[in-house]
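Mapping to my numbering: the sequence shown position 776 is 784, numbers consecutive.
Even glycine gets a Cβ: it sits at the ideal position worked out from N, Cα and C.
The structure presented is a predicted model; accordingly, all values stated were derived computationally and were not measured.
Worksheet: the structure to be examined is printed underneath.
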Amino acid sequence: MSDNFIKVVILVFWVPAFMNSMTITVTDSVIYHSDSAHVKLSNSFVIESSIKIFSNDSLVKPSKVFPIEGRLLLNGLSDNSLIIVEYDYLEKEIPKLVGPKWKKLPTLEPLLSIVEKEDFELNIPTDSNKAIYTSGSFFRSLTLSPYGSSDFQGGVQMQLNGKLLENINISGVLTDQSFPLQAEGSTQELKDFDKVFLKVQHQNFELEAGDIEYLFSDNMQTINRKLEGLKSQFQYKQWSSSSIYANSKGQFHFIEIKGRDGDQGPYQLLDKDGNREISILSGTEKVWINGERLKRGKNHDYTIDYALSEIYFTPKRLIDFDTDIFIEYQYSNFEYQKGFRGITMKNNFGNPGYFSLGIFDEFDQLNRNDFQNNKINEFSSNDSSIVNLNNAYADSTGDYIYLDSIFVYDPLNTYADFTRYTVTFILSPGGNYQRRVSDDSKIFYQYIENSNKIDNEELYSPYRKISLPTAQQFGKAKLSLNLADYFTIEGQVAGSRLNQNTIRNSEFSNGASYFVNINIDTVDLDFLKIKLMYKNQKRSKEYLPLGRENQIMQTRLWNLDEILLKNSDEHYLQSEFIIDKLGLTSLEIAKLSHENLSRKRFRYNQSFLNQNYKSSYIDYTYVDNSIANFYRALFNLERNGLRYSPNFSFITEQNNLDYRFRKIGAGVKVKLNKALVTSGIENRIDEEYQFGDKWSAISNDYIGYMNINRYSKNGWKKDIVFKKRIKKSNVIQDFNYSLLDLTVSWKNQISPFTCFVDIKKEETLSQNRMIIYEYIGPGLGNYRYDSILNTYISDINGDHLSYSIKVGSREPNTIFLGSQRFTIDLSKNKYFPQIFIRSQINQEFKGKDFDVSKIGESSISDTSISKSLFFTRNEIIFSNYRLAKIWFQFNKNLEGFDPRGNNLNVDKEIGIENIFKISKNNSIKNKVDFHDYSIDSKVFPNRKRDIYGYYNNFTLQTKLENKLDFDLSIIYGFDRGNSLGEPFKVEGKGIKGKILFYLKQNGRLETEITFLNVEGVKNSKTLPPEAIKGYAYGKSIRTNSRLQFLINKSLSINLNLNLINDSRYTNFITMQGEVRAYF
C-alpha cells in the first residue's frame, strides 16, 4: 500500500478530530452539470463530516467525497441544478497525528498529551493467511402503525472472492432476500436485480450454483434457459462435459406474427396455449424483422414490457401489414415450476473430428397443495392436454348471479332469489365477456354475443385453461469426421419423448430425427474458390425439440402458412463460388416434404468483394409446389463513396395467381464532419389477381425517410429519424401518418448556452387506460377518497392504492412525447452578472386526429383525446451573496382515460426565493409563491373548483459550532376561490422548527415540528384539497424525527418517527427502525 494512499485514508477519517483550532466554515453556491458529475468546491482539504449539501430545500447525500482535492461526486440531480454546499476546511497545515481509526493504534487522548508534532510511520497489520475475502450486510427493519400496517423484514447479502485451494478460486453473491422486480425493457443492457450465484473455478472444471443461464448450442439447435440450480463443466485433455440440475424460471417459446399497417405496437406475446396472462423473463427475448436481428432500446429498434408481455417498435422500424416478425423468448404463466436437468459429453479426436452426446429432461413440477382434490382427479381422468376449470364459486356476498348460462353483474342485489357467485375472469382470446368500469369505479365484466365481437378487443372468460403437467426428454448424438483437408461429414441422431399428462402417466409420444451434412470446403482453383454442401434433415411426426431448429425466415422462403416443427423432410444442395475481384456467388437447390405437401426451391445470391460495392447484393428465391409457385427477388445497388453513397433498391414478390407487390426505392448516404445523413424515398404497390392477365391495385404506398446522426464532445449532438407515409388504399381506414424520433442537444464548455430537445411521435393500436383506486388500509396507500368531490386526492398517508387497467377495444392512436431543456449560464463570462437561467418544457399527447395545436388542449368536451399535457417551468437564479431564485410554472393537463368523461387541470405558479447571509453562521431565507389552480370535470360536476392565492415561508437559519443546526420558520398562506358552487376564503398561519444535532462523528439526530392553523370558511367541506398546500382545515401538527447513528465501523442504526394530528388523521403515528451490520 503506497504512502499516498495511507495519507488519504487518514485524512478522510480522522482529520475532523483536530478541526477545533484549524477549520473555517464556508458556503459555496454551485451549478451542477450532469455530464461532469463532479462538483469542485472553492477550497481544498475539506472536512468530510462537516459537508451539508442542499438542493431545492432538500438535503443531498454525495456518492463520494474527495476531501483533499475538494471535489464531490453527485448522482440523481437534474442537470443545471443549483446546489448549496456548507462545509469546513483546514486553514493550517495537515496535522501529523491521527486518531484510533485502526484497532491496533492507541487512543487519541494519550497521543495528544504526549506528542504534538512528531514524525511517525504507519504500519497496517495484514493477514497473510487470509485466502477468501468477504463483504456484505445484515439488517432487520421494523415498521409500526396504529392502523395495523406493521411490518418486519430483514435480510443478509454477502459477496465473496478468493481461493479455496492453490488452483481453485471461488466467487459469488449470496442473499436471503427475494427481488420480484425485473429490469425495464427500454435499454440495450439490463440490470439483474436478483442475481444470486456461487462459482468455483479450476483449470479443469467449473461449478456454478444459484441464478444461472444454461446454453447448449451447435449448428443444428440451441437450448437456452434461465435457471436456478447447479451447473458444472469439466474438461480434461480431449474430453469435455457439462451437467445441469435446476429449476427453470420459465418456458421456452417462439412465435411468428405479421405486422399491422400503421401500428408500431404493442404486439402481444403469448404462451403455448395462446394465453396472454404471462410474464416474460427479462433479457430472454430475441426479435427479428424480415430475418434481421434487432436491438433492444429506445434509441435502437424496439422496447418491451416484460410484465405485460408486449413489444413496441421504434420509428427506426416502420411496421406494415407484410412485415414478418419473429420472436423467441422465455415466459412464466404462473402454473407450474419446471425442472430441468441434463448432461453432455464431447470427445475430440484431434483434427479428424469429434463425437458428442447430450441428454436432457424438462418437466413440470406439480404442487398438489395448489389444487383441490376434485381438480387433481379431473387431471387424472382427462384425455386432453388442457383442462377448463370454473373460476366461479357460490358466495352470499358475491356480485354475480348465474342467469341463462351467463354470469350477470348484480351489485345492488336486484335478483334477490338467485344464488350469488364470486367470479374471477381470465383474459382469453375465445372469451365472451368484456371488462367494464361502473359509475362508482368498480371493475366488472359483461357478456357479449359472438356477433358483437370486434377485432383487436380484449375478451375474458370465467373459465381458466390449465395445461396438464408434462415432461419431455430429449437426447442427441453427433459425429463429425474430417476425411480429408477439404472434406467433412457430420451426422446427428436425435430423439424426443413427451409425456402429456404426468399425473395420469399414460400419454406418451415418441419422435426422432436425423441430420446429415456433407461439406467440401474451399477448393482453390487459382482465380476461383469453390465450396459445396449437402444437407438432409428429417423429423418424424411426433418429434419435438427442446429449442429452435428452424430458420427464422422459414415460412417466407418456403411460402408456408405456419412454422414446421415436425413431420418434415428437407434436402439442401448448396454451392458457393468465390471469384477474385468479383464477389461471392451462392446457389441452392432444396426440397421440402411435409405430410401431403412437397415443395422445391431454387435460390441465387450474389454479393460483391469490391469495396465500392460491398453493400450491394442480388437475392432471388423461387418456390414450386407443382400447383402454385412463389418467387421473391431483391436487388440493392449502393456505390460506397468517401462522402456520398447513392443507392437504389428493388423488391418484388408474387404468390401464384393470388397477390403480388413491388417496391422501388432510391436514396443517398452523406458523410459530413462527425455526421451521417441518410435520406430516400420508397414506393410500394400491392396488387391482387382478378382474371386472365389482369391484376387490380390494392394500395399504392409512398414512404419518405431521413436519418441524421451527429456526435461531438463539444457542440451539437443530433439523432433524428423521420418517416412519412402516404398510402392510397381501397380500405376506408386512413394509413397516412408520420413517425419521428428526434434527439438534439448542444453543449460547449465555453458557451453559456446549453439545450436538449427530445421529441417522439408514433402510431399505435392500443386500448385506453383507466385509473382504478383500491382500498388497502390507512397509511398503506398513496391516495385518499374525498366523498364531497367524489375524487381521489394524492396523499402519502392515504388508504387507497392506484393502478391502471385497459378498457375498450384497440383503436388507432397517435402518441406524441416531447421534452426540452434550455439553460443560460452568464457566469461563464466575466463581463456578465452571476445569473443562471433554465427552462423545462414537456408535452404529451395520446389520441386521434393529432395536430400540434391539440397539445395542451383546453376543450374538455373533445372525446378524441386520451391525454393532452403541456408543462413548462422557467427559473432565473442570481448566484451572488444574496442568493435569489425566481420561477414561473404552468401546467395544463387534459385526461380522457375515464369513459364517463374528461378531466381538465390548469395550474399556474409564480414564486421567488431569497437567502440573505447575516453572518458566518446565520442567514435568513424567504420563499413565497403565488398560485392559481383550476379544475374541471365532465365525470362529476361538483369537482369543478378554482383556487388562487399565495403561500409564504420565512426562515431563520442558525449554525452553532458544528454541533447543532437550528431553523425557525413562520408560515402564512392565503387562498380564495370557488368550490362546490360556493365562494370560499381561507388563510393558514403556523410555525415550523427544525433542529439538527451532530452526535460527534457517529451520527445525527434531526427533528422537525410543524404547527399550522387553517381557518376562515364557515363550512369546512367547501375547502378544496389544494388550498394551503393540502393542509386539513383546523389545527394541524406534524412531526418528523430521524436518527442515524454509527455504533462502530460495522454496525449502524436508523430510526424514523412520524406523527400527524389533524381533522383527517387523529394521532397518526408511524415508526420505522433498522439495524444494519457490515462485514
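Practice item. Evaluate the contact criterion for the region 330 to 350 versus the region 272 to 289: three or more CB pairs, one atom per stretch, below 8 Å. Key: yes
Review point. For Y320, does the count of other Cβ atoms within 10 angstroms reach 16, so buried, or fall short, so exposed?
Key: buried
Practice item. Report the residue from N490, D412 and P437 whose alpha carbon sits nearest the alpha carbon of F426. Key: D412
Exercise for review: Could you say which of S57, S149 and S145 lies nearest to N1062 if we only look at CA atoms?
Suggested key: S149
Exercise for review: Note down the Cα distance separating N507 from Q211, rounded to an integer number of angstroms.
Suggested key: 40 Å
Practice item. Spell out the partners DSSP gives Y956 in its beta bridges. Key: D940 and R984
Exercise for review: State yes or no: is the C-beta of L85 within less than 8 Å of the C-beta of L747?
Suggested key: no
Practice item. With T563 as the anchor, note down where its alpha helix (DSSP H) starts and where it stops. Key: Q562 to L565
**Study point:** K721 classed as buried or exposed, judged by whether at least 16 other C-beta atoms fall within 10 angstroms
**Key:** exposed
Exercise for review: Please list, in chain order, all residues of the same chain as N525 whose beta carbon is under 6 Å from its beta carbon, the five residues on each side excluded.
Suggested key: E498 and K543.
Practice item. Note down, in chain order, each residue of its chain lying with its Cβ closer than 6 Å to the Cβ of N655, except the 5 sequence neighbours on either side. Key: Excluding residues within five positions, the ones whose Cβ falls inside 6 Å are E646 and G675.
Practice item. Under the assumption that T1015 contacts S1049 (Cβ atoms under 8 Å), give the Cβ distance between them as a whole number of angstroms. Key: With 8 Å as the limit, T1015 and S1049 qualify as a contact, their Cβ atoms being about 5 Å apart.
Review point. So R472 and L397 are in contact, right, with Cβ under 8 Å, and what is the actual spacing, rounded?
Key: At roughly 5 Å, the Cβ-Cβ gap stays under 8 Å, so R472 and L397 are in contact.
Check your understanding: With a cut-off of 8 Å, do at least 3 Cβ pairs link the region 585 to 593 to the region 564 to 574?
Key -> no
Practice item. Determine, using beta carbons only, whether V752 and K726 come nearer to each other than 8 Å. Key: yes
Review point. What is the DSSP secondary structure of S121, counted as helix, strand or coil?
Key: For S121, the pLDDT reaches just 36, beneath the cut-off of 50, and the residue's location in the model is therefore unreliable, leaving the point undetermined.
Exercise for review: For my contact list, I367 and G350 are in at a C-beta cut-off of 8 Å; report their separation, rounded to the angstrom.
Suggested key: 6 Å
Practice item. Less than 8 Å between the CB atoms is what I'm expecting for Q897 and E917, so what's the real figure, rounded? Key: 4 Å
Practice item. Please check if any C-beta of chain D sits within less than 8 Å of the C-beta of L964. Key: Among the chains in the structure shown there is no chain D, since it carries only a single protein chain.
Practice item. Confirm, please, whether the CB-CB distance from Y621 to N3 is below 8 Å. Key: Residue 3 lies beyond the stretch modelled for the chain, which goes from 9 to 1087, so this question has no answer here.
Exercise for review: Verify whether the separation of the beta carbon atoms of I845 and T831 is less than 8 Å.
Suggested key: yes
Review point. Residues in its own chain within less than 7 Å of G270 by CB, not counting five upstream and five downstream?
Key: F743, Y745, E771 and P820
Point to revise | Residue span of the beta strand (DSSP E) that contains R654, given as start and end | key: Per the sequence shown, the amino acid found at residue 654 is Pro instead of Arg. Taken as a continuous stretch (DSSP letters only), the beta strand (DSSP E) holding P654 covers Y652 to N663.
**Study point:** Extent of the continuous beta strand (DSSP E) run through S876
**Key:** I873 to F886
**Study point:** Contact check, K207 vs G163, beta carbons under 8 Å
**Key:** no
**Study point:** In chain order, each alpha helix (DSSP H) run of at least 4 residues that lies wholly inside the region 285 to 352
**Key:** Taking only runs of at least 4 residues, no alpha helix (DSSP H) segment lies wholly in the region 285 to 352.
Exercise for review: Keeping to the same chain, check which residues put their C-beta closer than 8 Å to that of R698; ignore five residues upstream and five downstream.
Suggested key: Note that residue 698 is Gln in the sequence shown here, rather than Arg. These residues qualify, in order along the chain: S704.
Exercise for review: In angstroms with no decimal places, state the Cα-to-Cα distance between L80 and D328.
Suggested key: 51 Å
Practice item. May I ask you to verify whether the region 306 to 313 touches the region 238 to 257, counting CB pairs closer than 8 Å and requiring at least 3? Key: no
Point to revise | Local Cβ density within 10 Å of S404, reported as buried at 16 or more and exposed below that | key: exposed
**Study point:** Rounded straight-line distance, which links the Cα of K257 to that of V47
**Key:** One alpha carbon belongs to V47, the other to K257, and they sit about 44 Å apart.
Check your understanding: Going along the chain, which unbroken runs of the beta strand (DSSP E) with 3 or more residues stay wholly within the region 490 to 549?
Key -> 495 to 507, 516 to 533 and 536 to 547
Review point. How many Å lie between Y97 and G78 at the Cα?
Key: In a straight line, the C-alpha of Y97 is about 9 Å away from that of G78.
Practice item. Could you tell me which residues DSSP pairs with F433 in its beta bridges? Key: According to DSSP, F433 bridges with nothing at all.
Check your understanding: Which residue spans inside the region 725 to 795 form an unbroken beta strand (DSSP E) run of at least 3?
Key -> 745 to 755, 761 to 783 and 791 to 794
Check your understanding: So is K1008 buried or exposed if we call it buried at 16+ other beta carbons inside 10 Å?
Key -> exposed
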